[in-house]
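**Q** So the sequences go chain by chain: A and B. Per the numbering used here, the very first residue in the first sequence carries number 1; after that it's consecutive. Per the numbering used here, the very first residue in the second sequence carries number 1001; after that it's consecutive.
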Amino acid sequence: MRKILILLSITVLLASVFIAGTIRIGVAFPMTGNIAAFGEMTLQGVKIAQTLYPKVLGEKIKLIVADNRSDKTEAANVVSRLIDYNHVAAIIGEIASSHSLAGGAIAERSHIPMLSPASTNPLVTQGKHYIFRACFIDPFQGHVAAIFAYKNLKAKRAVVFTDVVQDYSVGLSNFFIKDFVKMGGKVSREFYQSGDQDFSAQLTDALSKKPDVLYIPGYYPEIALMARQARQLGYTGPILAGDGAEAPQLIKIGGSAVNGVYYTSHFNASHPFTAVGKKFVAKYEAVYKTSPSALAALGFDSYLLLRDAIKRAGSADPGKIAEALRKTKNFEGATGYITIDKYGNTIKSAVVNEVKNGKFTYVTTINP
Amino acid sequence: MSTSNLIQDLINGTLLGGLYALIAVGYTMVYGILRLINFAHGDILMMGVYFSFYFIAALTMPWWLGFIVGIVGAGVLGFMVERIAYRPLRSAPRISSLITAIGMSFFLESLAVVVFGGIPKSFNLYPTFFSKILIIGHTRIQVLTFFILAVTFLLMFVLIWLLYKTKIGIAMRAISVDIPTTSLMGANVDNIIGLTFIIGSMLAATSGIMWAMRYPQVQPYMGFVPGLKAFIAAVIGGIGSVPGALVGGFLLGMVEILIVGFFPNLAGYRDAFAYVILIVLLMFRPSGIFKVYSEQKV
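#1: So, using beta-carbon positions, are alanine 76/A and isoleucine 91/A closer together than 7 Å?
#2: Could you tell me the distance, in whole angstroms, from the CA atom of lysine 178/A to the CA atom of valine 258/A?
#3: Determine which residues of the segment 247-272 of chain A have a Cβ less than 7 Å from any Cβ of chain B, and write them out in chain order.
#4: In angstroms with no decimal places, state the Cα-to-Cα distance between lysine 60/A and aspartate 138/A.
#5: Here's the rule: buried if 16 or more other CB atoms are within 10 angstroms of the residue's CB, otherwise exposed. What is histidine 143/A?
#6: Run the CB neighbour count on valine 79/A, radius 10 Å, all protein chains shown included, and call it buried at 16 or more, exposed below.
#7: Have a look at glutamine 1296/B and glycine 1032/B and give me their C-alpha separation to the nearest angstrom.
#8: Could you pull out every residue in the same chain whose Cβ sits closer than 7 Å to the Cβ of alanine 155/A, ignoring the five residues on either side in sequence?
#9: Give me the subset of the segment 1255-1269 of chain B whose CB atoms are less than 9 Å from a CB atom of chain A, sorted by chain position.
#10: Let me check one thing: in DSSP terms, what residues is alanine 322/A bridge-paired to?
#11: State whether the segment 193-204 of chain A contacts the segment 242-253 of chain A, with contact taken as three or more CB pairs (one from each stretch) at a distance under 8 Å.
#12: For chain C, is any of its Cβ atoms less than 7 Å away from the one on alanine 89/A?
#13: What residues in the segment 31-47 of chain A bring their beta carbon closer than 7 Å to a beta carbon of chain B?
#14: Taking Cβ positions, are isoleucine 131/A and glycine 104/A nearer each other than 7 Å?
#15: Count the other CB atoms within 10 Å of the CB of threonine 949/B; is the residue buried (16 or more) or exposed (fewer)?
#16: Please classify arginine 109/A as buried or exposed, where buried requires at least 16 other C-beta atoms within 10 Å of its C-beta.
#17: By DSSP, does serine 1294/B sit in helix, in strand, or in coil?
#18: Which residue or residues does DSSP assign as beta-bridge partners of threonine 364/A?
#19: What number of angstroms, rounded off, separates the C-alpha of glycine 299/A from the C-alpha of alanine 1024/B?
#20: Can you tell me whether aspartate 205/A is buried or exposed? The criterion is at least 16 other CB atoms within 10 Å of its CB, across all chains shown.
#21: Output needed for valine 351/A: all residues of its chain with C-beta closer than 6 Å, excluding positions within five of it in sequence on either side, in chain order.
#22: For the structure I just gave you, are there three or more beta carbon pairs, one from the segment 321-331 of chain A and one from the segment 150-169 of chain A, closer than 8 Å?
#23: Look at the alpha carbon of aspartate 67/A and the alpha carbon of lysine 47/A, and state the distance between them as a whole number of angstroms.
#24: Return no unless some Cβ of chain B is closer than 7 Å to the Cβ of valine 17/A.
#25: Whole-angstrom Cβ separation of phenylalanine 191/A and glycine 1268/B, contact assumed at under 8 Å?
#26: In the structure shown, what three-state DSSP assignment does glycine 370/A receive?
#27: Can you pull the chain A neighbours of glycine 1118/B, defined as C-beta to C-beta under 7 Å?
#28: Between Ala1112/B, Phe1039/B, Met1047/B, Ile1068/B, which lies nearest to alanine 1085/B when the distance is taken from Cα to Cα?
#29: Let's see if you can read the secondary structure: which residues bound the beta strand (DSSP E) around glutamate 285/A?
#30: Kindly give me the distance between the Cβ atoms of alanine 102/A and isoleucine 35/A, rounded to whole angstroms, as I take these residues to be in contact under 8 Å.
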């Protein structure tokens, strides 16, 4: 027993010697499960940023990736593990808003800054001091979707599909409905749950109301299947979604049914807003031989925002990083100039993209 | 709800119910013979779909050959699972086999994540003929619906023929009553049980492929929910009874669709309501619709 203890303590000592000289940053993403494609795309962006800027304050940045398996409970577990076991200075994560809410509660309690690349639900940062995000929030995204549906698509009647177990979907649905009704549109609602595969009953009900647009603020696996089933039931009109739609799997699984799917997003590789954005697209295309998604751009920005905060804080102390993050002003990222307000939120322009002939095509930009 | 909506819902319910029934038939067969709730059934289903997927996509085989390879591959996998995980526990208490089955389920899921990756893959590999739509009045029916119904009924009849009209079937039914005595009668118990698993797994893969044709994404956890639903369908029908599984499957599919049809606001929680119906039904008919003798339960 004593031998084991001695051995253990030597290992720990050795490990700490090796670890000195690196700053550890945790990455809590869904790498498997329902929304695994989100994790993969965002991580690609983070890695591009790391290749371009591997160091800060003369020390190497080490990324520790933890997989939350697209599961709310695991989302909290991985944050605990990153903090208690890997002793990270800060965390990039998580992606789905419901995961960020679960993981964020742990990070907040442990006073470790957590920066979400893509959780757009307002509750994620509300009342928290250590939680930040690199993306805009859903009151704005819902507003953009309502403007686009009413003005660009000329829709008067919308059916809104809400994923009842995703805070993201519930929030975004409500923000869209509020603005769309205010403009004079009519709304009816349908509901589903992440992981459902059959939407034929909801769609039958929805289509009998003769909608001009289906608004589905959910995630790509369900949107792809829903689009297929909607087309099979004879719907030919436009489908509008949120930033949860963008993943190559939307097109692979949806096939030709997803042509005519519009979605609000953060970025389009053919229209980068900044010089850093152009640099990111070039580097990404050189490495992965394809155009970067909005999530890759947000992953890239998250890494850079955190690195910038560490640089300005002059240390890897979690409290100081959080303080510096809150003071981020006009930081040039791939998705635009980023200012983090006192609530930890970001204000940025949104783009609307369309799936056209199996490609994510830029349609327009809508400013705050 | 308007009549045309109701008719469309009934069609949709038949399609979903047919899929549940097809999975439930395999589930119930293994249970009926071995009294083992094979929780890995849904995961063998998933593996079968992956086998077909890779044979068609990576080796550019024709789709029908890929389907056959997937089904046979699942049969081999089922045999191995029985040989490695269940056979050593055959004389152990039933609860041990149940736990092993759950363990096997997790093992296969994790294995698929490691080997095939966690990202869902698209199963758009079959001829577009199956996704064609027939329009009758205001009702739209996918050609696949008829295909799924045909396969489900065909397999049910084959299975009933196998169980009640062949020597192997007699041995299988004998095993379900008493293994040592069956062995004394000169039947090779190991082989018969192995065969039961092969057939059960091939049924699982067949239903998995049908499922993937309707909902064309393949991912490591794809078997979990259908497996659970099919288990419920089998219980509703009276677990161990092949016609019961069929009835239970159709009933569950129809109820799920009609709940949404009549109460669209409850759609997000339709699984919860499906389970409530199950509980109510079991309160009045504890052994399901088609009663199978039930001395032992897990």
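The C-beta atom is built at its ideal place from N, Cα and C for all residues, glycine as well.
**A** In terms of the structure at hand:
#1: No Cβ-Cβ contact shorter than 7 Å links alanine 76/A with isoleucine 91/A.
#2: 26 Å
#3: Gln249, Lys252, Ile253, Gly255
#4: 35 Å
#5: It is buried - the Cβ of histidine 143/A has at least 16 other Cβ atoms within 10 Å.
#6: buried
#7: Because glutamine 1296/B carries a pLDDT of 48, less than 50, the predicted location of this residue cannot be relied on, and the following value inherits that uncertainty. Roughly 12 Å between the two C-alpha positions.
#8: Cβ within range, chain order: Ala149, Gly185, Asp212, Val213.
#9: Glu1256, Ile1257, Leu1258, Ile1259, Val1260, Gly1261, Pro1264, Asn1265, Leu1266, Ala1267, Gly1268, Tyr1269
#10: DSSP, once it has assigned bridges, lists no residue as partnering alanine 322/A.
#11: no
#12: Protein chains in the displayed structure are A and B, and chain C is not among them.
#13: Closer than 7 Å at the C-beta level to chain B, one finds these residues of the segment 31-47 of chain A: Met31, Thr32, Gly33, Ala36, Ala37, Glu40.
#14: Cβ atoms of isoleucine 131/A and glycine 104/A: closer than 7 Å.
#15: Only positions 1001 to 1298 of chain B appear in the structure, and residue 949/B is not among them; the question remains open.
#16: exposed
#17: Unreliable placement is indicated for serine 1294/B, whose pLDDT of 48 sits below 50; the coordinate value is still reported in the next sentence. DSSP places serine 1294/B in coil when its eight states are reduced to three.
#18: Val352/A
#19: Note on geometry: alpha-carbon atoms of glycine 299/A and alanine 1024/B lie some 43 Å from one another.
#20: Within 10 angstroms of the beta-carbon of aspartate 205/A lie 16 or more other beta-carbons, which makes it buried.
#21: Hits under 6 Å: Ser265, Asn268, Thr365.
#22: no
#23: 16 Å
#24: Confidence in valine 17/A is poor, its pLDDT being 46 and thus under 50, which makes the residue's placement too unreliable to answer from.
#25: 4 Å
#26: Because chain A is modelled from 1 through 368, residue 370/A falls outside the range shown and cannot be assessed.
#27: Met31, Thr32, Gly33, Ala36, listed in chain order.
#28: Out of Ala1112/B, Phe1039/B, Met1047/B, Ile1068/B, the CA that lies nearest to the CA of alanine 1085/B is found in Phe1039/B.
#29: Run containing glutamate 285/A: none in the beta strand (DSSP E); it sits in the alpha helix (DSSP H), 275-288.
#30: Contact doesn't hold; Cβ gap of about 14 Å is too wide.
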